[in-house]
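S.K.: One structure follows; several queries about it will come next.
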Amino acid sequence: MSDSYDQISQQLKGRHRKSTRLKYISMGALALAGAFLLIFFADMLSKGLPAFKQAMINIEINYTEDAARNGREAVDRDFSTIISRSVVRVIPLEMRNDPSLLGTSVQRWVLASADVDQYLKGNPVRLDDDEKARIDRLVEEGKVEMQFNAGFFSRGDSKMPELAGIMSAVIGTVMTMIVTLAIAFPIGVMTAIYLEEFAPDNRLTQLIEININNLAAIPSILFGLLGLAIFINFFGVPRSTPLVGGMTLALMTLPVIIISTRTALRSVPESIRHAAFGVGCSRWQVVKDHVLPLAMPGIMTGSIIGLAQAMGETAPLIIVGMVAFIPDVTASFTEAATVMPAQVFTWSGEPSRAFVEKTAGGIVVLLAVLISLNASAVLLRKKFERRW
Amino acid sequence: MQTNQLFLIFCSVLLLLGLAAFFVGRSKATRVRASGSSMYAQPDQYAWFAVVATAGPAILVSALGAFVMLVMGTEIPTFPLLLASLAVAGVGLGVGMMLIRANFHARQAIERVIVWSLAGAATISILTTLGILISIIGEALNFFQMHSFWEFITGTTWAPGNSFLIAAGRGEGASGGAEFGSVPLFAGTFMITAIALAVAVPVGLLSAIYMAEYAPSRVRSIAKPMLEILAGIPTVVYGFFAAITVAPFIVRVAETVGLDASFNNALAPGIVMGIMIIPFISSLSDDVINAVPDSMRQGSFALGMTKGETIRDVVIPAALPGIISASLLGMSRALGETMIVVMAAGMRPNLTANPLEEMTTVTVRIVAAMTGDLEFDSAETLSAFALGLVLFVVTLSLNLVSVIMIRRFRDKYRVNNL
Numbered sequence: 001m002s003d004s005y006d007q008i009s010q011q012l013k014g015r016h017r018k019s020t021r022l023k024y025i026s027m028g029a030l031a032l033a034g035a036f037l038l039i040f041f042a043d044m045l046s047k048g049l050p051a052f053k054q055a056m057i058n059i060e061i062n063y064t065e066d067a068a069r070n071g072r073e074a075v076d077r078d079f080s081t082i083i084s085r086s087v088v089r090v091i092p093l094e095m096r097n098d099p100s101l102l103g104t105s106v107q108r109w110v111l112a113s114a115d116v117d118q119y120l121k122g123n124p125v126r127l128d129d130d131e132k133a134r135i136d137r138l139v140e141e142g143k144v145e146m147q148f149n150a151g152f153f154s155r156g157d158s159k160m161p162e163l164a165g166i167m168s169a170v171i172g173t174v175m176t177m178i179v180t181l182a183i184a185f186p187i188g189v190m191t192a193i194y195l196e197e198f199a200p201d202n203r204l205t206q207l208i209e210i211n212i213n214n215l216a217a218i219p220s221i222l223f224g225l226l227g228l229a230i231f232i233n234f235f236g237v238p239r240s241t242p243l244v245g246g247m248t249l250a251l252m253t254l255p256v257i258i259i260s261t262r263t264a265l266r267s268v269p270e271s272i273r274h275a276a277f278g279v280g281c282s283r284w285q286v287v288k289d290h291v292l293p294l295a296m297p298g299i300m301t302g303s304i305i306g307l308a309q310a311m312g313e314t315a316p317l318i319i320v321g322m323v324a325f326i327p328d329v330t331a332s333f334t335e336a337a338t339v340m341p342a343q344v345f346t347w348s349g350e351p352s353r354a355f356v357e358k359t360a361g362g363i364v365v366l367l368a369v370l371i372s373l374n375a376s377a378v379l380l381r382k383k384f385e386r387r388w
Numbered sequence: 389m390q391t392n393q394l395f396l397i398f399c400s401v402l403l404l405l406g407l408a409a410f411f412v413g414r415s416k417a418t419r420v421r422a423s424g425s426s427m428y429a430q431p432d433q434y435a436w437f438a439v440v441a442t443a444g445p446a447i448l449v450s451a452l453g454a455f456v457m458l459v460m461g462t463e464i465p466t467f468p469l470l471l472a473s474l475a476v477a478g479v480g481l482g483v484g485m486m487l488i489r490a491n492f493h494a495r496q497a498i499e500r501v502i503v504w505s506l507a508g509a510a511t512i513s514i515l516t517t518l519g520i521l522i523s524i525i526g527e528a529l530n531f532f533q534m535h536s537f538w539e540f541i542t543g544t545t546w547a548p549g550n551s552f553l554i555a556a557g558r559g560e561g562a563s564g565g566a567e568f569g570s571v572p573l574f575a576g577t578f579m580i581t582a583i584a585l586a587v588a589v590p591v592g593l594l595s596a597i598y599m600a601e602y603a604p605s606r607v608r609s610i611a612k613p614m615l616e617i618l619a620g621i622p623t624v625v626y627g628f629f630a631a632i633t634v635a636p637f638i639v640r641v642a643e644t645v646g647l648d649a650s651f652n653n654a655l656a657p658g659i660v661m662g663i664m665i666i667p668f669i670s671s672l673s674d675d676v677i678n679a680v681p682d683s684m685r686q687g688s689f690a691l692g693m694t695k696g697e698t699i700r701d702v703v704i705p706a707a708l709p710g711i712i713s714a715s716l717l718g719m720s721r722a723l724g725e726t727m728i729v730v731m732a733a734g735m736r737p738n739l740t741a742n743p744l745e746e747m748t749t750v751t752v753r754i755v756a757a758m759t760g761d762l763e764f765d766s767a768e769t770l771s772a773f774a775l776g777l778v779l780f781v782v783t784l785s786l787n788l789v790s791v792i793m794i795r796r797f798r799d800k801y802r803v804n805n806l
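Quick mapping for you: the protein sequence lines, in order, are chains G and F. So that you can map any letter, position 244 of the first sequence is 244 in the working numbering, and since no number is skipped, the others follow by simple counting. So that you can map any letter, position 182 of the second sequence is 570 in the working numbering, and since no number is skipped, the others follow by simple counting.
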């Protein structure tokens, strides 16, 4: 008797041990997912934050006769190898625009070359010991300094890493998103209103519903193929432009907006509709004056999330050619442009170490924008959400 | 830019006509009402009706004209077309004015137009699917006229190399023709997908179990958004992470255990893709586990089962259709994922079972074919559409199976919010 009792309590202990083990294993899985996230952000920040600093050199520029022909002559020979080529390149132009500069000289902070920048950030570079020693001496004299890299935010793309910035990509993103929202928001909301409030329950409606759910799960690259074959080849929309990119992304964002709008419309209680019908509103008046205003916060939240998704999308844009090299900042719907993720993709293909930093810097900016968009969507929902 | 100016003039004239229709219509309706006859609708509604009657047909005519021009290829001069549209607008204005009578249902007429335009918007999503199908199937058929379908499905060599020379009519000089055997691409795709699922399914499912069964509500309210952040990170960022951080790490680890790994190994994109689809699996599984009725857990506890046994033997089997559905959705994501593999996996088609070797995927080849400086009609560019077709069919069937599974679960437990 007591023997079997012991056996059972022994068995029980084992079963409870197994039970706790499952708890800790599952807790570990969640912790693992959290650890992935932490490692990822730590890695991106540690690689990307240095991109916001840029080495600058304080040099004297002499606007001499020689410098008007060859910009290199304007600076001390010792410096000409460690400053950015872009500095000396503009000197002749500067002098042509303002002839009174001839014969004067100025002391100015200019961009250091990418190698100097990387050396000061502690990365391996191809500088010989002589140059390294000279840079160290200049740092001690206070003539070389790490400064905030404002140019990263105000310049377009460049083949010289110290000169490359994200401005053209930011403008391109804004233009593309304007097109995307202008198309996807009205059509998405209209579709959702039709399906939720007006559509008869027939085969066609069911087909549309299944189709929307399916569109939400189609690989994004196929939307790119659609954009290429239909928009570019058939309708003749110019390639690489915010117009075609925005149209392609709009089709991709459409299901997201439709699904979230339907959820928002469905959460408006039936009693509101009944009350409106009761005072003699027509169906459209019920929707326009009562249901839609109450569902608006939910619709906005869904649209912001859809927008954030579209903003991070790259694959379809590669197919429609939006990975162009855009050094100038132009705001036009029908000229070649690039977007933030495409800019990140372009830079990630550059072999030099300095561009790895630029890539990560661009990623940090992109992530900051996306996370604040998503956070604002969550806040919007929290603030305006009504429990019925 | 003659056309642009014409278009601008057309738009402004139409706008002016619309404004005129609004005010003239309203004043007429007000007059009719002031004369003492009771009307079916408000003056504003008559005014809006007049606007719709003016602008609607005109826009339809011009859009139809533009469409005919594109599809038929017939050249309709822009100027007469826009002029005709404006004439239609004028006629519409006249008809609209005539219809402003006491016994005309202006509101119903407007609302009919509104419902039709809403329905029109709803068909856009169908047109999108049709557009994808037509564009992909059309170009894929072109491709299969050049290369046999059978060879595409069963061939084990993918070497599009010389196709552009052949397309340019200089094929004789090239040694051997291009070969389009897609087996290595699909092998690579499925290998990377399998690695991704091997990461995502256990981690995602166990996290879901923890969040649904164990976690206090405070942990839950932190963990859910945290996992959603993982889903919101752009894939190009994951690709960079895989290529710059994970792949070199794997190479170093492989070196320490004496293995030779390529920097474009399949493991790095696989693992990172797995991290990416964790939230897809965990959030749906979490919903499904929460939807399993509590009475089943209580019944199990009443029989003396421990909590772990209840989860393993009662909750998970009950939630299985939903969990499988979540995994299938994750799989379809992984199959169609592009940027991670473009940036971290190799370009060289390679038929191997070793995940440390370089291999390529369907989506990588699509991007490679589309970004090269090739003629659109070359076999390599068209092969992208053939690959896209296969991708479409595979992901579509995975999605459908997943929907059917979740519907079965929903019907069984009568849950409405899945």
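From the three backbone atoms N, C-alpha and C, an ideal C-beta is built for every residue, glycine too.
What's the gap between the Cα of F:Phe-455 and the Cα of G:Ser-154?
M.R.: If I take the Cα positions, the gap works out to 42 Å.
S.K.: Looking only at its chain, what residues have a beta carbon closer than 6 Å to the beta carbon of F:Ser-713, apart from the 5 residues adjacent to it on each side?
M.R.: Hits under 6 Å: Ser-790, Met-793 and Ile-794.
S.K.: By DSSP, does G:Lys-13 sit in helix, in strand, or in coil?
M.R.: Reduced to three states, the DSSP call for G:Lys-13 is helix.
S.K.: Quick one: give me the first and last residue of the beta strand (DSSP E) that G:Met-146 is part of.
M.R.: Looking at the DSSP string, the run of the beta strand (DSSP E) that includes G:Met-146 is 144-148.
S.K.: Going by Cα to Cα distance, which pick from F:Asp-799, F:Glu-768, F:Leu-403 and F:Leu-744 is closest to F:Ile-583?
M.R.: Minimum Cα distance to F:Ile-583 is reached at F:Leu-744.
S.K.: What residue range does the alpha helix (DSSP H) around G:Glu-65 cover?
M.R.: Run containing G:Glu-65: 65-69, per the alpha helix (DSSP H) assignment.
S.K.: For a test of the three-state rule: what should DSSP assign to F:Glu-746, helix, strand or coil?
M.R.: If DSSP states are grouped into helix, strand and coil, F:Glu-746 belongs with the strands.
S.K.: To the nearest angstrom, how far is the alpha carbon of F:His-493 from that of F:Glu-499?
M.R.: The alpha-carbon atoms of F:His-493 and F:Glu-499 are separated by roughly 10 Å.
S.K.: Would G:Ala-182 and G:Val-116 be called neighbours here (beta carbons separated by less than 7 Å)?
M.R.: No; because the gap between Cβ atoms is not below 7 Å, this pair is not in contact.
S.K.: Do the CB positions of F:Ala-732 and F:Ala-631 come within less than 7 Å of each other?
M.R.: Cβ distance < 7 Å, so F:Ala-732 and F:Ala-631 count as in contact.
S.K.: Can you check whether the C-beta of G:Arg-96 is within less than 7 Å of a C-beta belonging to chain F?
M.R.: By this cut-off, G:Arg-96 is not an interface position.
S.K.: Per DSSP, what kind of secondary structure is F:Ala-654 in: helix, strand or coil?
M.R.: Reduced to three states, the DSSP call for F:Ala-654 is coil.
S.K.: Please give the ranges of any alpha helix (DSSP H) in the region 200-287 of chain G, keeping only runs that are unbroken, at least 4 residues long and fully inside the region.
M.R.: The region 200-287 of chain G contains these whole alpha helix (DSSP H) runs: 203-217, 220-226, 242-266, 270-278 and 283-286.
S.K.: So is F:Tyr-428 in contact with chain G if we call contact Cβ pairs under 7 Å?
M.R.: Closer than 7 Å: no.
S.K.: For the ligand HEM, is there a heavy atom less than 6 Å away from the beta-carbon of G:Gly-48?
M.R.: Ligands displayed in this structure: none; no statement on the ligand HEM is therefore possible.
S.K.: Cutting at 8 Å between CB atoms, please list the residues of its own chain near G:Glu-65, excluding the five before and the five after it.
M.R.: Answer for G:Glu-65: Leu-102, listed in chain order.
S.K.: By DSSP's criteria, F:Gln-388 is part of a beta bridge. Which residues make up the other side?
M.R.: What is shown of chain F runs 389 to 806, which leaves residue 388 of chain F out entirely.
S.K.: With a cut-off of 8 Å, do at least 3 Cβ pairs link the region 291-299 of chain G to the region 158-178 of chain G?
M.R.: No, the region 291-299 of chain G does not touch the region 158-178 of chain G.
S.K.: Return helix, strand or coil for F:Gln-533, following the three-state DSSP convention.
M.R.: F:Gln-533: helix per DSSP, three-state reduction.
S.K.: Have a look at F:Ser-670, F:Pro-657, F:Tyr-602 and F:Val-587 and flag the residue whose alpha-carbon is nearest the alpha-carbon of F:Pro-613.
M.R.: Selected option, being the one with the closest Cα: F:Ser-670.
S.K.: Hey, is G:Ile-304's beta-carbon within less than 7 Å of any beta-carbon in chain F?
M.R.: Judged by the 7 Å Cβ criterion, G:Ile-304 is not in contact with chain F.
S.K.: Report, in whole angstroms, the separation of the C-beta atoms of G:Ser-332 and G:Ile-299, which I expect to be a contact under 8 Å.
M.R.: At roughly 30 Å, the Cβ-Cβ gap does not stay under 8 Å, so G:Ser-332 and G:Ile-299 are not in contact.
S.K.: Residues bridged to G:Val-110 by DSSP?
M.R.: G:Val-110 is bridged to G:Ile-57.
S.K.: Would you kindly work out how many angstroms separate the C-alpha atoms of F:Ala-509 and F:Val-607, rounded to a whole number?
M.R.: Cα to Cα, F:Ala-509 sits roughly 42 Å from F:Val-607.
S.K.: Which first and last residues belong to the alpha helix (DSSP H) in which F:Thr-544 is found?
M.R.: Unbroken run through F:Thr-544: none, as it is neither H nor E.
S.K.: How is the alpha helix (DSSP H) around G:Ile-299 delimited, first residue to last?
M.R.: First-last of the alpha helix (DSSP H) with G:Ile-299: 292-311.
S.K.: For the candidate residues F:Glu-725, F:Thr-740 and F:Ala-600, whose alpha-carbon lies nearest to that of F:Val-755?
M.R.: Closest option to F:Val-755, Cα to Cα, is F:Glu-725.
S.K.: Please check the pair G:Leu-111 and G:Ser-84, which I expect to be a contact at CB under 8 Å, by giving their CB distance rounded to whole angstroms.
M.R.: Contact flag correct, Cβ pair sits at about 4 Å.
S.K.: Assuming G:Leu-373 contacts G:Ala-308 (C-beta within less than 8 Å), just tell me the rounded distance between them.
M.R.: Yes, they are in contact, since the Cβ atoms of G:Leu-373 and G:Ala-308 sit about 4 Å apart, within 8 Å.
S.K.: Does any CB atom of chain F fall closer than 7 Å to the CB of G:Trp-393?
M.R.: No answer is possible for residue 393 of chain G: the residues shown for chain G start at 1 and end at 388.
S.K.: For the alpha helix (DSSP H) that contains F:Ala-734, what are its first and last residues?
M.R.: Per the sequence shown, the amino acid found at residue 734 of chain F is Gly instead of Ala. No alpha helix (DSSP H) contains F:Gly-734, which DSSP labels as neither H nor E.
S.K.: With a CB to CB cut of under 7 Å and the five nearest residues on each side skipped, what residues in its chain are close to F:Ser-720?
M.R.: Thr-783, Leu-786 and Asn-787.
S.K.: Anything in the region 333-345 of chain G with a Cβ closer than 9 Å to a Cβ of chain F? List those residues in chain order, please.
M.R.: Under the 9 Å Cβ criterion, the region 333-345 of chain G contributes Met-340, Pro-341, Ala-342, Val-344 and Phe-345.
S.K.: Pull up the DSSP beta-bridge partners for F:Phe-568, would you.
M.R.: DSSP lists F:Trp-546 as partners of F:Phe-568.
S.K.: Note down, in chain order, every chain F residue with its Cβ under 7 Å from the Cβ of G:His-16.
M.R.: Chain F residues near G:His-16: Thr-694.
S.K.: Should G:Phe-36 be labelled buried (16 or more other beta-carbon atoms within 10 Å of its own) or exposed?
M.R.: G:Phe-36 should be labelled buried.
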